[in-house]
Amino acid sequence: MARKKKESRIFGLAPGKHRAKRQRIRIGSGNVKHVFKCTLKEGTGVRIIKKHRAIANNRRIIKLLKPTIKKKFQVYRSVDGELRSVEINNIAATGYRIINLECLEKHVSEITCHAIICDKARKKAISGAVPINLESQVAHFGLAVILAAKCTGCGKKFHFETSPKLLNVGTRQYDINVRAVWGSIVSGNGLAHLNEQLASMDSPTMAQNTFSVIEKEINQWWKVMVEEEMSSAIDLEKKIAIEKNRYHEGVHNFNTVIYISYKAMIIDK
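My numbering numbers the first residue of the sequence shown as 65 and each following residue consecutively.
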């Protein structure tokens, strides 16, 4: 007995005069839409279902998943750079952290003021319980850490960072990360040496991408500083050469040497 050949079906109908055609059209600036065209006549009772697909460029999300007790903790960063997180449930942060004293003073003042005005927190403190509980480390960006605390009385949550950001120099990097990378560069070390020290101190380490981005920004800062210093040195030596009448073939002697050395240094960079 011959084996019956399986026929292909589109929209659940047999091929032939009722064959349906699907057409895919790209419309607009990067938006992808699926348009289904069916040549069936009216009254056939066929329903076409469009499945909407999320566009990757519509929203870029970087998820920072951290191990937790209940495995329900999720933190992600939206396109505008804002940190968004879901509910946090009794997650303890361990180890050591480097905290800026000004940030610490600000956060302690905020938590203390809340503990004073919160009736439930005061009752907890009078009974000997802890009014404020440090729940978790929400996320870390290199050596900078975002911690989460919660009032055990009313349940209000506090998020605070251990390091300020450098917003006045055209960058959004954390100050502690810039200082760590700067120190690694001037001491002749790299990311591996820095992470070994941080791991030995039971502190969060720095990712390669973070280190490389900050390193490039520091190189640009140094380039601008060197150009300004060399320009000032050239003007000063030019003035000295004119005052002491030092010329070589009609050109200020010392100024020429410095300018050539400066150009060679920029080319090497």
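Here a beta-carbon is modelled for each residue, glycine too, at the ideal position from N, C-alpha and C. Nothing here was measured: the structure is a model prediction, and the numbers come from that model.
When the Cα of residue 174 is compared with those of 207, 213 and 187, which residue comes out closest?
-> 213
State the Cα-Cα distance for the pair residue 209 and residue 226, rounded to the nearest angstrom.
-> 6 Å
Please report the Cβ distance between residue 249 and residue 282, rounded to the nearest whole angstrom; I am assuming they are in contact, meaning their Cβ atoms lie under 8 Å.
-> Contact holds; Cβ gap of about 7 Å.
Identify, in the order they occur along the chain, each residue of the same chain with its Cβ nearer than 7 Å to the Cβ of residue 245, setting aside the five sequence neighbours on each side.
-> 275, 278, 279 and 282.
So is residue 333 buried or exposed if we call it buried at 16+ other beta carbons inside 10 Å?
-> Low per-residue confidence applies at residue 333: pLDDT is 46, beneath 50, and the placement is therefore not dependable enough to give any value.
Could you pull out every residue in the same chain whose Cβ sits closer than 7 Å to the Cβ of residue 131, ignoring the five residues on either side in sequence?
-> With a pLDDT of 42 at residue 131, under the threshold of 50, the modelled position of that residue is not reliable, and no figure is offered here.
DSSP bridge partner residues for residue 205 (one or two, in chain order) | 208
Any idea if residue 211 is buried or exposed, counting beta-carbon neighbours within 10 angstroms, 16 or more meaning buried?
-> buried
Name the two residues that bound the continuous alpha helix (DSSP H) containing residue 221.
-> That residue, residue 221, is in no alpha helix (DSSP H); its beta strand (DSSP E) goes 221 to 225.
Return the CA-CA distance between residue 307 and residue 160, expressed in angstroms with no decimal places.
-> 60 Å
Contact between the segment 216 to 224 and the segment 179 to 189 (3+ Cβ pairs under 8 Å) = yes
Cα separation between residue 199 and residue 223?
-> Their backbone Cα atoms lie some 10 Å apart in a straight line.
Kindly give me the distance between the Cβ atoms of residue 268 and residue 168, rounded to whole angstroms, as I take these residues to be in contact under 8 Å.
-> So it is not a contact: roughly 17 Å between Cβ atoms.
Residue 229 by DSSP, collapsed to three states: which one?
-> Here residue 229 sits in strand by DSSP.
Does the Cβ of residue 202 have 16 or more other Cβ atoms within 10 Å, making it buried, or fewer, making it exposed?
-> buried
For residue 204, count neighbouring Cβ atoms within 10 angstroms of its own Cβ and tell me buried if that reaches 16, exposed if not.
-> buried
Bounding residues of the alpha helix (DSSP H) (the contiguous stretch that carries residue 273) | 272 to 307
Distance between residue 172 and residue 383 (C-alpha atoms, nearest Å) = No answer is possible for residue 383: it lies beyond the span of the chain, which begins at 65 and ends at 333.
Compute the Euclidean distance between the alpha carbons of residue 291 and residue 300, then round it to the nearest angstrom.
-> 14 Å
Going by C-alpha distance, which of 271, 240, 178 and 289 is nearest residue 256?
-> 271
What residues match up with residue 197 in a beta bridge as DSSP calls it?
-> 214
Just the C-alpha distance for residue 162 and residue 183, rounded to the nearest angstrom, thanks.
-> Distance between the alpha carbons of residue 162 and residue 183: 32 Å.
Just how far apart, CA to CA, sit residue 247 and residue 294?
-> Their Cα atoms are separated by approximately 24 Å.
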